[in-house]
Amino acid sequence: MPSTCTFFASAPKGVIPVLAGELKALGLDRVKKTWAGVSFKGALESGYRACLWLRTASRVFLELSSFEAESVDDLYNGIRDIDWSAHMSYENTLAIDFNSDLAVIRHTHFGALKVKDAIVDQFRERYSIRPSIDTITPDIRINVYMSRKSVTVSLDLSGESLHRRGYRDEKGLAPMKENLAAAILIKAGWHEIAEKGGGLIDPMCGSGTLPIEAAMIAGHMAPGLLRAQFGFTRWRQHQPEIWERLVSEAEETEIEHRQDIGPIIGYDRDPSAIKAAISNMERAGLHGLIHFEKRELSDLTPHKKTIDNPGLVVVNPPYGERMGGDAYRLKDLYGLLGTRLRKHFQGWHAALFTGNPKVAGLIKITPAHTDHLYNGSIPCELIQYDITDIKAVETDEIQADVNYPGSGHTPSDEIGMFVNRVKKNLKRLSSWRKQNGITCFRAYDKDIPEYAVAIDVYENYIHVQEYRSPETIPYEVAQKRLNDILCVIPSVFNVPDENVFLKQRKIQKQLNQYEKHAEEGKKTIINEAGLKFEIDLKSYLDTGLFLDHRMTRSMIERMSGGKRFLNLFSYTATATVYAARGGAVTTTSVDKSNTYTRWAKKNMALNGFDKKNHFFYSEDCLSWMQNEKNRYDLIFLDPPTFSNTKKDDLNLDIQKDHVELIRAAVNLLADSGAIIFSNNFRKFRMDHISLSNLSIEDITLSTIPPDFGRNPKIHNCWLIRRKRDKAAGDLKGER
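In our numbering, each residue carries its 1-based index in the sequence shown increased by 16.
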C-alpha cells in the first residue's frame, strides 16, 4: 500500500460542493471537485476517516490501478495484470460495478462481465479455484470506470451505500435518503444554528430522517459508527488498528458532545410514522434527545422547548405524487404551511425541500436562497426563507419579568446544597484572592450538575451563564432550579438584585443590534491587576474580559519589555494593555470586528496607552497576516474555535486551520521571537508533524488560574518558537 493513496467520493446530484466542504473540514489533502464527485489524496487513514465521518457521500473508492485501453482485450489484460491476490482470497465473494463514458465498451453489463472474467481467470490459473460472485452483499466490491481510453480500477471502501447508516429499518412513506437529508441540513446552515443553541422543527417528519440527521450533526456523531460492516472489512490490506483508533476517537467525541444537542422536534399527522420515527431514533442511540409527536399541520407552532431557542424549520412536504395528483389539496397544504410559518415562526429560518417548486410560491415568504438538488431521479429545489424582515440577532440578555424570579419566588429546600458549595468555593479562593488582589474571578462552574451554571464575580457585579439542560430534564424543572439560583445569589454574594445578570444563549429579534447594545447594555469599568477594563454584563455572551486568561495576560506582560507585540484575534485587546504596561515598544491589535476594535481602543485609552506606537486594524486576521511586512518579537494568537472570517466562504475551523494560521504568524516572527498560541477547543490536537520545523511547548497547565481548576480544558496554550539548526546555527521556520 503506497503512503499516499488516491480516493474518490461520490454524492447525489447537486450535493458535490457540500461533500467537498466536508472533506476539507476533515483536513484531507488535495480535494478536487469533478462532475461526479470529489477526489482527494492521503494515507489509508484518510479513506477510513471519510467512510466514518462523511454525511453526504454515497460511496468512497480507493484507486487500485489505472491504465489505457482501446479495445475489449486491452481492458481484460489490464485488469488481469493487477495482482488480485493482494486484495482478496478465492474464498471471498466478489461484485463488479462498471461504468463508461464515450468508451469502446458502452454496455455496462458486458464491461462488468469482462472485468469479472479477468479476475476469476487469474485466480483459476493460480489456485485452480475461483471466487464466487455475489452482487448483493459481496465481501469485495470492485468499481471500474472507463472514460474514452482511460480505465480506473477502484476498491469500494463503503460496501453498502453510505446513506445506509444502520438506524432505519421501518420506513415511512417515500423516505428520504440519509445523505440527502444531511446535505439539506448543511445547506440550510443547521450546523451554525445548532452551535448558537437554536432548535429545529420538522412539521412533516415521516420516519424521522431529518430530525435524526440533525441530532447527529449537532452532537458531532460520526454517521459511520452505527454500521456493522464496510467494503474494506474483508479486504486483505485492511489495517484494523487504524480503523479501531478512529472509531474510538469518534466515540469519545460523541460522548463529549451529546449534551450540545439542543431542542429537536419532529411532528407528523400519521401515528404510524411517529412510531417508526421513535424506533429509528432509538436504533440511532438518540434516546431522549429528539421529541416526536403526532400533530396536524394546522396546529403547527413552536414547541415549548424551542420558545427560547428559535432556529430552523425544515420540511419535505409532498410533491403531488403522494396526494393522488390532487392539485387542490396540494395547494391547500402549501398555503397552510406558509400561514403557520408567517404567523408563529417570526425570527426563524426555514428550509423547504420540494419536487414541486411551482406551488412553493403559496408559502408567500420571499425566498432568501434556492439550491437545485435531486431526490433520486426527481429534480427538486431547496428553498430557504428568513421568516421576518426583522433581523434575527444572537444576543444574551436578562429580562427581569421573565428570567429573574424576584421577591415573589420561594426557593426549594434543595437549593441549600448549592449555597453551601458556593460559600465553600469563596472560602477556598479567599486567601489567593487577597494575596493577588483578585476582584474578578469565577466562583462556581457547574460544581453540582443539577445546578448547571457558571458564576463570575466582577467586583460588585455577578454574571451568571446558564448551561443548556439535557433533554432528560424537563424544561419546568430546569427553569425552577435556575430561578432558585437567581433568588439566593444576592444574599450569598451580598449584592443588590439589580447587580445580578443572567446570560442565556438564544435568538432575540431586534431591529438594530447596535442600537440595542447602546441602549440596554450594562457597561462598567473594573480593575484587574491595577489595569482598567470596560466590560458589558448584558449585551453579549462574553463580557469583554476572559477571566481564564488572567495568567496568560500576566505572562505576556513579563515577556513584552522592549518587544514589538502583535495581538491577533485581539477581541477587546486586554492582552495588548498588559503588553503596553510591560514595556512593549509597539503594539498592534487585529480583529475583524469594528465593535471590538472600538472597545479595544477604549481599553488602551483607559490606561493611558493611546499614543502613536499602538496600532489597531479591523480586518480579517489571516488576510492581514498575508499582506503584513513588519516583524514582531512576541505574537499572541488566540483564534476562536469556529468563525466565518475567511473570505473564500469557508468557515474558520481551528482544528483544520491551525497549521495555516501558525505558519502565517511565524512568517511575521522575528528570529528570536515567540508565539503564544491559544484556543478553547476542548478536543484540539496540535499537528506536530506539519509543524515539525518549530519548537512547540504545551504550557496550558501554567496558564490555568486556581478559580478555573475544576475546568482545566477551558483553554489550551502553547509557546512556539523557531527551531535552531544545531549544525549550521541557523533558525528553521517559515520565512
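We treat Cβ as the ideally placed atom computed from N, Cα and C, and that holds for glycine.
Exposure of residue i, with buried meaning 16 or more beta-carbon neighbours within 10 Å
i: Q520; result: buried
i: Y612; result: buried
i: W364; result: buried
i: S223; result: buried
i: K407; result: Because K407 carries a pLDDT of 35, less than 50, the predicted location of this residue cannot be relied on, and the following value inherits that uncertainty. K407 comes out exposed.
i: I306; result: buried
i: F126; result: exposed
i: S19; result: exposed
i: H385; result: exposed
i: R65; result: buried
i: K359; result: exposed
i: F631; result: exposed
i: R738; result: buried
i: F646; result: It is Asn, not Phe, that sits at residue 646 in the sequence shown. Its Cβ having fewer than 16 others within 10 Å, N646 is exposed.
i: L582; result: buried
i: S694; result: buried
i: Y143; result: exposed
i: E229; result: buried
Extent of the continuous beta strand (DSSP E) run through residue i
i: G282; result: 280 to 284
i: S609; result: S609 -> no beta strand (DSSP E), and no H or E assigned at all.
i: K443; result: K443 -> not in any beta strand (DSSP E); alpha helix (DSSP H) instead, spanning 431 to 452.
i: W206; result: It is not in any beta strand (DSSP E) - W206 instead sits in the alpha helix (DSSP H) that spans 206 to 211.
i: C21; result: 21 to 26
i: N108; result: Element bounds for N108: n/a, residue is neither H nor E.
i: C396; result: 394 to 402
i: R157; result: 156 to 163
i: I651; result: 648 to 653
i: W251; result: Unbroken run through W251: none, as it is neither H nor E.
i: V31; result: Run containing V31: none; DSSP gives neither H nor E here.
Spatially closest choice to residue i from the options, by CA coordinates
i: V136; options: E270, C733, L582, E107; result: E107
i: G598; options: D89, L650, E644, Y612; result: L650
i: F549; options: L561, T124, D113, K699; result: L561
i: E584; options: I542, D636, W615; result: According to the sequence displayed, residue 584 carries Leu and not Glu. Answer by Cα proximity: D636.
i: L389; options: V31, T20, S19; result: V31
i: K132; options: V160, R142, S144, Y143; result: V160
i: R740; options: D723, I730, D687; result: D687
i: P333; options: M192, L242, L677, V516; result: M192
i: L445; options: A459, V435, M433; result: A459
i: I403; options: H303, G354, F308; result: G354
i: A41; options: R71, A616, E492; result: R71
i: I281; options: L328, E268, H273, A244; result: L328
i: P465; options: L498, Y474, E475; result: L498
i: R122; options: A111, P147, M162, Y143; result: M162
i: F700; options: E265, D45, N510; result: E265
i: Y477; options: D284, I505, I228, P655; result: I505
Range covered by the alpha helix (DSSP H) that runs through residue i
i: P287; result: 287 to 299
i: S62; result: 60 to 69
i: L685; result: That residue, L685, is in no alpha helix (DSSP H); its beta strand (DSSP E) goes 685 to 695.
i: L91; result: 88 to 96
i: N195; result: 194 to 203
i: K130; result: 124 to 143
Test item: CB-CB of residue i and residue j under 8 Å
i: I736; j: L710; result: yes
i: P373; j: H319; result: no
i: L442; j: E482; result: no
i: S295; j: V167; result: no
i: S74; j: H207; result: no
i: L78; j: F114; result: no
i: V76; j: D218; result: no
i: L35; j: A27; result: yes
i: L313; j: L352; result: yes
i: L60; j: M104; result: no
i: D756; j: T124; result: Given that the chain is displayed from residue 17 to residue 751, the structure contains no residue 756 and the question cannot be resolved.
i: A119; j: R164; result: yes
i: A600; j: K579; result: yes
i: F697; j: I720; result: no
i: K130; j: L80; result: no
Problem set entry | Cβ pair count under 8 Å reaching 3, the region 591 to 602 against the region 624 to 641 | Yes, the region 591 to 602 is in contact with the region 624 to 641.
Problem set entry | Three-pair Cβ contact test at 8 Å for the region 231 to 250 versus the region 160 to 180 | By the Cβ test, the region 231 to 250 is in contact with the region 160 to 180, since at least three Cβ pairs between them sit closer than 8 Å.
Exercise. Does the region 39 to 58 come close enough to the region 127 to 142 that 3 or more CB-CB pairs lie under 8 Å?
Worked result: no
Exercise. Between the region 195 to 206 and the region 148 to 158, do three or more beta carbon pairs fall short of 8 Å?
Worked result: When Cβ pairs closer than 8 Å are counted between the two stretches, the region 195 to 206 is seen not to touch the region 148 to 158, the count staying below three.
Problem set entry | Segment contact flag, the region 391 to 400 with the region 463 to 474, C-beta cutoff 8 Å, min 3 pairs | No: fewer than three Cβ pairs fall under 8 Å.
Exercise. Quick check: the region 539 to 557 against the region 451 to 462, are there 3 or more CB pairs under 8 Å?
Worked result: yes
Exercise. Is there contact here, the region 727 to 734 with the region 702 to 718, by at least three beta-carbon pairs under 8 Å?
Worked result: The region 727 to 734 vs the region 702 to 718: in contact.
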